[in-house]
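One structure below.
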Ligand SMILES: NC(=O)c1ccc[n+]([C@@H]2O[C@H](COP(=O)([O-])OP(=O)(O)OC[C@H]3O[C@@H](n4cnc5c(N)ncnc54)[C@H](OP(=O)(O)O)[C@@H]3O)[C@@H](O)[C@H]2O)c1
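Numbering (the numbering used here), first residue to last: 26 to 211.
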């Protein structure tokens, strides 16, 4: 049975993907903020005896506020959660976490490339993640997938101001999970 770790798998897209993978016969471990990916002391908790065949980075947090009130600590917290921690975790423990054959899935947002600024730190961090995903796809043995969504109907988008939702369709978490399954060929 193929084994997957879904970081950020307790709610939203990660939870829907975990459920979907289980129906496809995967053995899935889903973690949430109780295993804080931004805390290097917590990283050994992700490891098991055997490497995973798939690791999905679906942890996320939106901190809606005008860019002008953001502090450096806010921006660094976003950067850590969405971009730096996944890369640093893979650098520190990738050889135990994954086999050479394994797949890695990162989840990005249209906010990485558009001019939206409802959470500028989030968009900036996702832009950094997209760079990281391209680099790891070329400079690691793993098969790396970057899946980019617009809106997915999870707790996260309930934080968005109403006018940013105008005319935009939101996928259900199950639809987002199916897109990940398709694009990452799971
Ligand atoms: N929803 C969208 O419209 C959308 C669009 C594009 C991209 N994305 C991206 O898709 C991913 C999933 O988003 P979502 O909408 O499913 O979010 P969500 O429903 O808010 O779920 C967030 C998940 O991240 C976990 N988490 C938060 N902080 C963490 C930390 N420090 N360490 C480990 N886990 C942590 C949460 O755990 P707890 O349950 O313990 O809080 C939860 O499982 C995120 O990377 C997000 O940026 C979302």
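Beta carbons: idealized from backbone N, C-alpha and C, even for Gly. For clarity, every value in this text was computed on a predicted model and none was experimentally measured.
Task: Inter-residue spacing [alpha-carbon to alpha-carbon] between residue 154 and residue 162 - done: If you draw a straight line from the Cα of residue 154 to the Cα of residue 162, it is about 12 Å long.
Task: Backbone secondary structure at residue 194 - three-state DSSP - done: When DSSP states are grouped into helix, strand and coil, residue 194 belongs to the coil group.
Open item on the list: Is it the case that the segment 100-109 contacts the segment 65-78, given that we only count it when at least three CB pairs across the two stretches are under 8 Å?
Closed with: No, because fewer than three Cβ pairs between the segment 65-78 and the segment 100-109 fall closer than 8 Å, the two stretches do not touch.
Task: Rounded separation between residue 207 and residue 88 - CA only - done: Answer to the nearest angstrom: the Cα atoms are 30 Å apart.
Open item on the list: ligand 1 and residue 71: does the residue's C-beta get closer than 7 Å to at least one heavy atom of that ligand?
Closed with: In terms of side-chain proximity, the C-beta atom of residue 71 is found no nearer than 7 Å to any non-hydrogen atom of ligand 1.
TODO: Grab the span of the alpha helix (DSSP H) containing residue 103 for me, first residue to last.
DONE: Run containing residue 103: 97-104, per the alpha helix (DSSP H) assignment.
TODO: Give me the Cβ distance between residue 45 and residue 202, rounded to the nearest whole Å; I'm assuming they're in contact under 8 Å.
DONE: About 4 Å separates the two Cβ atoms, so the contact holds.
Open item on the list: residue 128 and residue 209 - do their beta-carbons sit closer together than 8 Å?
Closed with: By the CB criterion at 8 Å, residue 209 and residue 128 fall inside the cutoff.
Open item on the list: Can you give me the C-alpha to C-alpha distance between residue 17 and residue 72, rounded to a whole angstrom?
Closed with: Lying outside 26 to 211, the shown extent of the chain, residue 17 is not represented and no answer is given.
Task: Bounding residues of the alpha helix (DSSP H) (the contiguous stretch that carries residue 44) - done: Run containing residue 44: 37-48, per the alpha helix (DSSP H) assignment.
Open item on the list: Suppose the cutoff is 8 Å on Cβ atoms and the five residues either side in sequence are ignored; what does the same chain contact list for residue 133 look like?
Closed with: If we look at residue 133 and ignore the five residues flanking it on each side, its Cβ neighbours are 151, 154, 155, 158, 171, 172, 173 and 174.
Task: Burial state of residue 48, where buried means 16 or more other Cβ atoms lie within 10 Å - done: Exposed is the call here.
TODO: Take residue 112 and list the residues in its own chain whose beta-carbon comes closer than 7 Å to its own, dropping the five residues that flank it on each side.
DONE: The residues are 157.
Open item on the list: At a cut-off of 7 Å, would you count residue 80 as near ligand 1, judging by its Cβ distance to the nearest heavy atom?
Closed with: Answer for residue 80: no, Cβ out of range of ligand 1.
TODO: Using only the heavy atoms of ligand 1, determine whether one of them is closer than 7 Å to the beta carbon of residue 113.
DONE: False, no ligand heavy atom lies under 7 Å from that Cβ.
TODO: May I ask whether a heavy atom of ligand 1 can be found less than 7 Å away from the beta carbon of residue 36?
DONE: Yes, since a heavy atom of ligand 1 falls inside the 7 Å radius drawn around the Cβ of residue 36.
TODO: Could you tell me if the beta carbon of residue 182 falls within a distance shorter than 7 Å of some heavy atom in ligand 1?
DONE: Yes.
Open item on the list: Using a Cβ-based criterion (distance less than 7 Å to any ligand heavy atom), does residue 84 qualify as near ligand 1?
Closed with: Answer for residue 84: yes, Cβ within range of ligand 1.
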